[in-house]
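J.: Here the protein sequences line up with chains F and H, keeping their order.
Whatever position you read off the first sequence (first residue = 1), add 8 for this note's numbering.
Whatever position you read off the second sequence (first residue = 1), add 1 for this note's numbering.
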Amino acid sequence: MEMNRPLTGCTLSGSFDHVATDFAPIVASLRYQASALGLNVISNNNDAMGVALSFEFTTTRTRSVSCDIAKWSDAARPTSITENIIQAACGIMSVHGRVSGEPRPLGLQYVSTLTGALALQGCFAAALGQLRGLSVTSSNISVASAALLSMAQYIAGATAAETPETILPESISHPAAPPFMSSDGFCFELETLDVEPWQRFWAQFGISSAVSGKGWNAFLLRYAKAISPLPDELASALTNHTYQHISEICARTGMSICPLRSVKERQQDEHFMHEWVQGPWAFEFRPSFNSRNTIKKAENKLPLSGVTVIESCRRIQGPLAGHLLALLGAEVIRIEPPGGDPLRGMPPMADGCSVRFDALNRLKTIREVDIKSSAGKAEIKELVRYADVFLHNWAPNKAAQLGLDYSDFVDLNPALIYAYAAGWSTNGSADPFLNSIPGTDFMTQAYSGVARKISQACGTRGGSLFTVLDVLGGVIAAQGATAALLKKDLDNVGGKVTSSLLSAATLLCIDDFPDFDVLNTHVNSESVINGVFATQHGKIAIECPDRNAVYRLVDALGMTSEPDVAGFQQHLESLLLSRTAEEWRLILERANVPVAHVVEDLTVLQNQIRLQQQLSSDSYTKVMSPWSFK
Amino acid sequence: MSVKVSIPTILRPLTNDQKQIEAVGINVLEVIDQMDQQYPGIKEKLIAKGKPHRFINIYVNDNDIRFSDGLTTNLKDGDSLTILPAVAGG
């Protein structure tokens, strides 16, 4: 299979074969992403210090860019981390656990994947900065900054000046929540973005309007709150019917349905192998013989300053992609419908704007345009004529229907990077079933196997109501656009890059897929001890990735029993109740055991010394740029 | 019928920054009409072509009016009417 890999000829070099355990999952994802982009990945024999993961990125036309990935935003605090320790310390466990009543790990190498993607994007941006006249030679991030970025909307909601949301896992009763079960044992997601299909669907099962109305409110807000307290009658009604029957009702009423599939089932899909080999993006480039494709000079110290992005996106994935480009210095002009994006008014609010909305859009210039009108389309084309990137996350085929597809812009601006943050396929060849259902986070979790992977790892029925894929999808959309911009400036081309929620899901499952061994990175997915434990006050997460860490834990706790002896777990749980979570954190950190006080209340994040540099408190707590450039 | 109407932040510039106002009407539409007389422009923010905007949710005592009789949902004295902008999907 021949793939279009934009950065062939560029190199990524680092001590990848001798990486500290803390960074192994990051390196695995980094290698896969880098290979998919065409980078030559070279592992050298430099000593890995364990404090940070360091590597260098070089192109044929720029000086090498060094990248350090630190553990915490305060790099002076190099305490041991694992995926789950970061999830605990940054509130991800808390948000994911809201629906089940207690903090839980996602069961995915989620922050590690985000970190790898953001680190690569920072390198590409730094090289772009050099081409545009800056002397930037390093791009640094931390694992914690990637985790906090994924939490930006939830942190905003919890800290808003006006009616902040207080949603603690243990404060929530546990009514039914998606996914649903059929009488013949299928577990499945339902989706609709409009109220009418919801009403018609539940009426078919004899549910009263009053009850389905209560359910709609819970269903509507699940993306924002990560809870979905449905009336019991709804889930109960479906357990009396077969999946086939429920599917037929869906077809009649306009509701969408998708079973929770396994990763193995996903591997049987017709286009899976192509998408796996291709990586999270589909690129196409064409020569740009346009004199305007001279490289624009940077306007300030940020590497994408002077780059213009036109964004026409809704909800989370696309706006986050635009936000990341803005954090790198791009001027992002956001197209909104006349009257503005309705999300602007969705509580909680601060300074007259939804804080969730502001968290993803605060750096953008807004332009209200009716993109369905002739005048609106003409206005978009005029904007795109002078832009570097056009970014959208419309439904399949909408761009062609609007006359705003890549082919409609090529003659207008041959140097344009047309970035499509899609839901399903990155190759425009998804099967008709997929194009007929909304490509939203929870549907994609179900279809891709991610939901089942989460449920198997943490003992829940379904995936996560934390928007796992919207966030990762936004990150890889921005990463793909940045890689394409670099290709444009290196090779004088224009082109299109498509990423999707489904391709983000595939990226999250690389350890399950074929040829993972070629990545040559050992990821110990089965830690010896890995859990969330109650203490005298608060909870702690402890993860011992190997037996040495277990022995350090045993020593630090003064335990006499051996880890393999029956009753060890009960002894550990009992012992941990004798001190507070914060006391245990200090003790175990000194012993170099990966540990974190599990953050349940998101408002406390801004008080954590090792996270503070990444957060800015104003009318709500904002998550700052994950990158620093020198 | 006299009801209390909770105004979302985004519409408060139209209600002199009041978070809650009192209005009168036998059903939701009458209340909105009366509000529009007092605070011109608010109706078009809530309704188009005889229906609530897609992203505007209107609740009478926590019950979404689209699951009752819509804009003709009847009101009783002391009912509370809440307007909540919300968008489905992620």
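Cβ atoms here follow ideal geometry from the backbone N, Cα and C, with glycine treated the same way.
Would you call F209/F buried or exposed, if buried means 16 or more other Cβ atoms sit within 10 Å of its Cβ?
T.: As a working note, residue 209/F is residue 201 in the first sequence. Flag for F209/F reads buried.
J.: Please confirm whether Q207/F has its beta-carbon closer than 8 Å to some beta-carbon of chain H.
T.: Position 199 of the first sequence, counted from the start, is the residue given in the question as residue 207/F. Yes, Q207/F lies at the interface with chain H (some Cβ there is under 8 Å from its Cβ).
J.: Assign L15/F to one of two classes, buried (16 or more other C-beta atoms within 10 Å of its C-beta) or exposed (fewer than that).
T.: Against the first sequence, residue 15/F aligns to sequence position 7. Burial call: buried.
J.: For a test of the three-state rule: what should DSSP assign to P346/F, helix, strand or coil?
T.: Counting from 1 along the first sequence, the entry for residue 346/F is found at position 338. Correct three-state label for P346/F: coil.
J.: To which residues does DSSP link T506/F through a beta bridge?
T.: In the first sequence, the residue the question calls residue 506/F occupies position 498. Partner(s): A290/F, Y428/F.
J.: Pull the bridge partners of Q21/H from the DSSP assignment, please.
T.: Residue 21/H sits at position 20 when you count from the first residue of the second sequence. Answer by DSSP bridge pairing, in chain order: S7/H.
J.: Relative to the C-alpha of D378/F, which candidate in M189/F, K389/F, F576/F has its C-alpha closest?
T.: Along the first sequence, read from residue 1 onward, the residue named residue 378/F stands at position 370. Considering only alpha carbons, the answer is K389/F.
J.: Taking Cβ to Cβ, would you say S3/H is nearer than 8 Å to K20/H?
T.: Within the second sequence, the letter at position 2 stands for residue 3/H. Within the second sequence, the letter at position 19 stands for residue 20/H. No, they are not a contact pair.
J.: Are the region 492-507 of chain F and the region 440-447 of chain F in contact at 8 Å, needing three or more beta carbon pairs?
T.: Because the criterion of three Cβ pairs below 8 Å is not met, the region 492-507 of chain F and the region 440-447 of chain F do not touch.
J.: Mind checking the region 224-243 of chain F against chain H and listing, in chain order, the residues whose C-beta falls within less than 9 Å of any C-beta there?
T.: Residues passing the 9 Å Cβ filter: W224, N225, F227, L228, L229, R230, Y231, A232.
J.: Rounded C-beta distance between I343/F and R375/F? I'm assuming under 8 Å.
T.: Sequence index remark: in the first sequence, residue 343/F carries index 335 (1-based). Sequence index remark: in the first sequence, residue 375/F carries index 367 (1-based). Sure, about 6 Å apart at Cβ, within 8 Å.
J.: What does N64/H pair with, by DSSP beta-bridge criteria?
T.: Counting from one through the second sequence, the residue named residue 64/H turns up at place 63. According to DSSP, which records beta bridges pairwise, N64/H is partnered with V61/H.
J.: Quick one: which chain F residues come within Cβ less than 9 Å of S69/H?
T.: To locate residue 69/H, count along the second sequence from 1; it is residue 68. Within 9 Å Cβ-Cβ: S217, A218, G221.
J.: Could you say which of T70/F, I617/F, S625/F lies nearest to A152/F if we only look at CA atoms?
T.: Along the first sequence, read from residue 1 onward, the residue named residue 152/F stands at position 144. Nearest C-alpha to A152/F: I617/F.
J.: Just to confirm my understanding: we take F270/F, look at its own chain, exclude 5 residues before and 5 after, and list those with CB closer than 6 Å. What are they?
T.: Taking the first residue of the first sequence as 1, we reach residue 270/F at position 262. A small fix is needed here, since residue 270/F is Ser in this sequence, not Phe. The answer, listed in chain order, is G457, R460.
J.: Among T74/H, P14/H, L82/H, which has the Cα closest to the Cα of I43/H?
T.: Here residue 43/H refers to the residue found at position 42 when the second sequence is read from its first residue. When each option's Cα is compared against that of I43/H, the closest is P14/H.
J.: Taking just the CA atoms, how far does C195/F sit from Y455/F?
T.: Taking the first sequence and counting its residues from 1, one reaches residue 455/F at position 447. Taking the first sequence and counting its residues from 1, one reaches residue 195/F at position 187. Y455/F and C195/F: Cα-Cα distance of roughly 11 Å.
J.: Of all the options E608/F, R555/F, D202/F, R393/F, which has the alpha carbon lying nearest to the alpha carbon of P422/F?
T.: Against the first sequence, residue 422/F aligns to sequence position 414. If we check each option's Cα against that of P422/F, R393/F comes out closest.
J.: Compare the beta carbon distance of A168/F and M357/F with 8 Å and say whether it is the shorter of the two.
T.: Taking the first sequence and counting its residues from 1, one reaches residue 168/F at position 160. Taking the first sequence and counting its residues from 1, one reaches residue 357/F at position 349. Taking 8 Å as the Cβ cut-off, A168/F and M357/F qualify as a contacting pair.
J.: Please state whether the Cβ-Cβ distance between R326/F and A485/F is less than 8 Å.
T.: As a first step, residue 326/F must be located in the first sequence, where it is residue number 318. As a first step, residue 485/F must be located in the first sequence, where it is residue number 477. Looking at the sequence itself, residue 326/F is Gly, so the reference to Arg does not match. For G326/F and A485/F, yes; Cβs fall inside 8 Å.
J.: CA-CA distance, G22/F and L623/F?
T.: The residue you call residue 22/F lines up with position 14 of the first sequence. The residue you call residue 623/F lines up with position 615 of the first sequence. Approximately 30 Å between the Cα atoms of the pair.
J.: Provide the residue span of the alpha helix (DSSP H) that contains P86/H, from first to last.
T.: Along the second sequence, one-based indexing puts residue 86/H at 85. Looking at the DSSP string, P86/H is not in any alpha helix (DSSP H); the run it does join, the beta strand (DSSP E), is 81-86.
J.: Just list the alpha helix (DSSP H) runs in the region 193-250 of chain F, keeping only unbroken ones of 4 residues or longer that don't cross its boundaries, in chain order.
T.: Taking only runs of at least 4 residues, the alpha helix (DSSP H) segments lying wholly in the region 193-250 of chain F are 203-212, 217-228, 230-233, 240-246.
J.: Cutting at 6 Å between CB atoms, please list the residues of its own chain near K309/F, excluding the five before and the five after it.
T.: For this step, residue 309/F is matched to residue 301 along the first sequence. Closer than 6 Å at Cβ, skipping near neighbours: no residue.
J.: Report all residues from its chain with a CB closer than 8 Å to the CB of D497/F; omit the five preceding and five following residues, and keep chain order.
T.: One-based indexing of the first sequence puts residue 497/F at position 489. Taken in chain order, the residues that qualify are L136, L139, R140, I303.
J.: Identify which residue in P602/F, Q614/F, Q544/F, P553/F has its Cα closest to the Cα of S586/F.
T.: Within the first sequence, the letter at position 578 stands for residue 586/F. That would be Q544/F, whose Cα lies nearest to the Cα of S586/F.
J.: Leaving aside the five residues before and after S299/F along the sequence, list all residues of the same chain whose C-beta is less than 8 Å from its C-beta, in chain order.
T.: Translated into the one-based positions of the first sequence, residue 299/F becomes position 291. Here the model assigns S299/F a pLDDT of 48, short of 50, so the residue's position is not dependable, and the following value carries that caveat. No residues qualify anywhere along the chain.
J.: Does the count of Cβ pairs from the region 98-106 of chain F and the region 605-612 of chain F closer than 8 Å reach three?
T.: Yes: the two stretches touch, three or more of their Cβ pairs being nearer than 8 Å.
J.: Below 8 Å, can you find three or more Cβ-Cβ pairs linking the region 569-588 of chain F to the region 59-71 of chain F?
T.: Too few Cβ pairs lie closer than 8 Å, so no.
J.: When DSSP labels each residue in this structure, what does R71/F get in the three-state scheme?
T.: Your numbering for residue 71/F matches position 63 in the first sequence. R71/F: strand per DSSP, three-state reduction.
J.: So for I462/F, helix, strand or coil by DSSP?
T.: Counting from 1 along the first sequence, the entry for residue 462/F is found at position 454. DSSP places I462/F in helix when its eight states are reduced to three.
J.: When burial is assigned at 16 or more other CB atoms within 10 Å of the CB, is L594/F buried or exposed?
T.: Translated into positions along the first sequence, residue 594/F becomes position 586. With fewer than 16 Cβ atoms within 10 Å of its Cβ, L594/F is classed as exposed.
J.: Could you give the distance in angstroms between the alpha-carbon of T90/F and the alpha-carbon of K79/F?
T.: Locating residue 90/F in the first sequence gives position 82, where the first residue counts as 1. Locating residue 79/F in the first sequence gives position 71, where the first residue counts as 1. For T90/F and K79/F, the distance between alpha carbons rounds to 9 Å.
J.: Relative to the C-alpha of I48/H, which candidate in P86/H, K5/H, G90/H has its C-alpha closest?
T.: Counting from one through the second sequence, the residue named residue 48/H turns up at place 47. Out of P86/H, K5/H, G90/H, P86/H has the C-alpha closest to the C-alpha of I48/H.
J.: I'd like to know whether the C-beta atoms of A427/F and G488/F end up nearer to each other than 8 Å.
T.: Sequence index remark: in the first sequence, residue 427/F carries index 419 (1-based). Sequence index remark: in the first sequence, residue 488/F carries index 480 (1-based). Result yes, Cβ atoms of A427/F and G488/F sit closer than 8 Å.
J.: Could you check where the beta strand (DSSP E) with G640/F kicks off and where it finishes?
T.: There is simply no residue 640/F to check, as chain F begins at 9 and stops at 638 in what is shown.
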